[in-house]
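Taking it in order: structure first as structure tokens, then the write-up.
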Amino acid sequence: MSHYAVEIDPTNLNTSHAQVIDLLGDAHRVLDVGCWAGDLGRVLIERGCRVSGFELDAEAAAIAAEHLESVVVGDLDAAPLSGHFEAGSFDAIIFADVLEHVMDPVSVLADSARLLAPGGRIVISIPNVTHGSLRLALLQGRWRTTDTGLLDHTHIRFFSREGLLQMVADAGLVTDELRGTTADPLGVEVDVDPHALPTGVLAWIRTQPDAMVYQFQLAVRPPRAGEVPTTPELVVGKDPRWVRPGPDAEHVMTAAWRAQLVERDRIIGLETTAAVAAAETRRLQGMVKRLRAQVRELEKPAAPPAPASGALRRTAGRVRRRLRRR
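In the UniProt record's numbering, the protein residues as written are 1 to 326.
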């Protein structure tokens with residue numbers, strides 16, 4: 001039972017529970033679906049909420065029942081929530097790390113909307129399958145399940161941002177707010193060998209859309225009459241630029257950065273050498289062109305001798321005659 005127990009800090013908005021609490025707004029009557037031992041419910045009770053729970057595990061539900069207003073033991077895959085609670089009885093319904101465990105999350109969401117009072121909302125927290133750690137793991141051919149986290153062995157559904165928003169729309173609901181908690185790809189439980197990654201891959205992954213988002217949190221509700229749904233901007237609990245990967249990962253990333261600098265210097269050196277070689281090639285090509293022009297001039301046939309003038313011919317004749325008399 002303890003592998004799902006958590007310490008909840010409502011002030012740390014880079015945790016999923018803090019985001020869920022914040023998204024509840026001023027909701028008073030709350031249903032925590034998948035309440036486990038009531039950890040989140042106790043925090044909400046301290047904030048003035050009346051909290052009911054729904055839980056699959058009977059042992060955990062018994063612990064939660066010591067603190068929550070009521071707890072129902074049930075299976076979302078076997079019977080809908082509307083079979084256990086009255087319509088319009090809650091201001092907010094929480095699905096924190098639940099929908100990835102059920103066979104038909106669309107039907108579960110659509111049914112749960114019937115339990116909302118007017119103006120109520122559903123708050124969802126769900127893992128992001130496009131987190132950078134999973135991208136890196138797949139590059140290395142790894143998909144190793146764990147007891148908790150992104151690859152919890154009990155997950156049967158996986159969601160990207162696009163898939164999550166589509167699930168909400170398919171349930172006939174609209175998304176009011178979209179948030180995310182951030183974590184570095186090398187700072188989570190997913191099995192990645194950072195030493196085997198090609199140079200530059202880590203830096204590239206960290207800049208890709210949603211690659212630093214570990215979990216999404218949403219506030220959704222039934223649409224208003226005539227409403228045209230819009231997609232809200234993602235708001236993260238912590239700027240990804242300030243998310244730290246941990247000392248071991250930081251060492252690897254520093255080494256990778258140094259390797260990139262060395263590679264950059266090598267490329268700059270090659271580019272400089274290539275530029276010098278290109279300039280020398282152009283100089284030699286110019287010299288060859290000039291030499292070929294000179295050769296063509298030298299290869300031209302010599303001009304024939306100009307015809308002798310009449311006076312010259314007469315003089316030459318007199319000389320020949322004198323030579324014959326001798």
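Where a beta carbon is used, it is the ideal one built from N, C-alpha and C, also for glycine.
With a cut-off of 8 Å on Cβ pairs, the segment 165–178 is not in contact with the segment 130–143, counting fewer than three such pairs.
Assignment of ASP210 by DSSP, reduced to helix, strand and coil, places it in the coil class.
The C-alpha of GLY119 lies about 17 Å from the C-alpha of ALA171. Burial is judged here by how many other beta carbons sit within 10 angstroms of a residue's own beta carbon; HIS131 has at least 16 and is buried. In this structure the segment 79–95 touches the segment 29–41; the number of beta carbon pairs closer than 8 Å is three or more. By the Cβ rule, the segment 48–55 does not count as touching the segment 275–286, because fewer than three pairs are nearer than 8 Å.
Under the three-state reduction of DSSP output, ALA183 falls in the coil class, being neither helix nor strand. A check of alpha carbon separations from SER70 across SER89, VAL188, LEU270 identifies SER89 as the nearest. Of the candidates VAL106, GLU227, ASN128, ASN128 places its Cα closest to the Cα of PRO209.
Apart from sequence neighbours up to five positions away, the residues of its chain that approach ALA18 with a beta-carbon distance below 6 Å are PRO10, ASN12, ordered along the chain. DSSP places ILE94 in the strand class (E or B) of the three-state scheme. In this structure, GLN217 sits near THR181, with a CB-CB distance shorter than 9 Å. In terms of Cβ geometry, MET103 and ILE156 form a close pair [threshold 9 Å].
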